[in-house]
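Each residue of the sequence shown is one higher than the one before, counting from 540 in the numbering used here. Input: a single structure, listed below in structure tokens.
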Amino acid sequence: MAIAHSKVTAQGQISVPAEIRRKLGIGPGSVLEWADAHGEVVIRRTGRYSSAALHRSLFPDGPPPRKRSLEDLKAGLRLAVRRRHARD
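This is the structure we're talking about:
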């Protein structure tokens, strides 16, 4: 059953109906992902995954990531930048 309809322009653009934008919580600059699901096209909002969710999807049987403070994260970034730009 269709929730709403959109028309494709000559340039291949569509408008997302207001009720769908509200339901998905999307606005200007939002990114939508188009996927083929067994012959049906599925459109979903992207960019809503936490680092913990990504970790679970990559390592489903592993332990959850340990919590780190902001200072730990900043120190890790500084170390990574130093290593990347180190001169031999």
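Where is the CB? At the ideal position from N, CA and C, for every residue including glycine.
Cα-Cα separation, ASP600 to LEU593: If I take the Cα positions, the gap works out to 13 angstroms.
If I'm right that LEU571 touches ARG584 with Cβ under 8 angstroms, what's the distance once you round it to whole angstroms? LEU571 to ARG584, Cβ: 6 angstroms. Contact.
When you compare each of GLN550, ALA549, GLY551, ILE559 to ALA543 by their alpha carbons, which one comes out closest? When C-alpha distances from ALA543 are compared across GLN550, ALA549, GLY551, ILE559, the shortest belongs to ILE559.
Note the first and the last residue of the continuous alpha helix (DSSP H) segment covering VAL620. Start and end: 609-623.
Specify the secondary structure class of ARG583 as computed by DSSP and reduced to three states. In the three-state scheme derived from DSSP, where H, G and I count as helix and E and B as strand, ARG583 is classed as strand.
Going by C-alpha to C-alpha distance, which of SER554, LEU616, ALA591, ALA614 sits closest to LYS606? Closest in C-alpha terms to LYS606, from the list SER554, LEU616, ALA591, ALA614, comes ALA591.
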